[in-house]
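Undergrad: If you scroll down you'll find the structure; I have some questions about it.
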Amino acid sequence: FDNSVDVVGKEIGGLSVKSASELNDYCAENGIEAAVVCVPDSSAKEVVENLVSLGVKIFWNFTGYDILHNHKDAGLSVENVHLNDSLMTLRYLAN
């Protein structure tokens with residue numbers, strides 16, 4: 128799902144990118160339980176709150192937004208990925 132008109136409708140890895148405006152209906156129709164969140168930090172809170180309201184309970188979080196801190200009582204499972212840390216580790220290992 129994306130907001131960019133340059134991306135919506137394109138096929139990436141065998142999957143068609145849908146408009147973000149279709150997210151609510153898609154989740155409701157398909158009983159989505161898990162989400163990969165890879166959006167700008169400025170959009171993360173809104174996106175996550177929407178996904179939680181749609182019943183999503185599992186998050187692979189690539190943003191700086193602290194999902195667990197902001198949704199303490201929602202019973203969520205979250206794996207935070209900090210790309211800067213991973214890049215630093217990879218650079219260290221490459222030496």
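Numbering (my numbering), first residue to last: 128 to 222.
Every residue, glycine too, gets a C-beta built ideally from N, C-alpha and C.
From a predicted model like this one, the values you see are computed outputs, not experimental measurements.
1) In this structure, does DSSP put Glu160 in helix, strand or coil?
2) Determine the closest residue to Leu181 out of Asp168, Thr190, Ile194 and Gly158, with distance taken between C-alpha atoms.
3) For Ala171, which residues from the same chain have a beta carbon less than 6 Å from its beta carbon, with the 5 sequence-adjacent residues on both sides left out?
4) Can you list, in chain order, the residues of its chain with a C-beta nearer than 6 Å to that of Glu206? Leave out the 5 residues immediately preceding and following it.
5) Considering only their Cβ atoms, is the gap separating Val179 from Ala201 smaller than 8 Å?
6) Which class does Leu142 belong to by DSSP, given the choice of helix, strand or coil?
7) Apply the 10 Å Cβ neighbour rule to Ile139 and answer buried if 16 or more other Cβ atoms are within range, or exposed otherwise.
8) Among residues of its own chain, excluding the 5 on either side of Val163, which ones have a beta-carbon nearer than 6 Å to its beta-carbon?
9) Taking the beta carbon of Val166 as the centre, do at least 16 other beta carbons fall within 10 Å, making it buried, or is it exposed?
TA: Looking at the atomic coordinates:
1) On the sequence shown, residue 160 is found 33 positions in, with the first residue counted as 1. Looking at Glu160 - three-state DSSP - the assignment turns out to be coil, as it is neither helix nor strand.
2) Sequence index remark: in the sequence shown, residue 181 carries index 54 (1-based). Measuring from the Cα of Leu181, the nearest candidate turns out to be Gly158.
3) Here residue 171 refers to the residue found at position 44 of the sequence shown. Only Thr190 and Tyr192 meet the Cβ criterion.
4) Locating residue 206 in the sequence shown gives position 79, where the first residue counts as 1. Once the five neighbours on either side are set aside, the close Cβ partners of Glu206 are Trp187.
5) Here residue 201 refers to the residue found at position 74 when the sequence shown is read from its first residue. Here residue 179 refers to the residue found at position 52 when the sequence shown is read from its first residue. Yes.
6) For the purposes of this step, residue 142 is taken as residue 15 along the sequence shown, with counting starting at 1. Leu142: strand per DSSP, three-state reduction.
7) Against the sequence shown, residue 139 aligns to sequence position 12. It counts as exposed.
8) For the purposes of this step, residue 163 is taken as residue 36 along the sequence shown, with counting starting at 1. The residues are Trp187.
9) One-based indexing of the sequence shown puts residue 166 at position 39. Val166 comes out buried.
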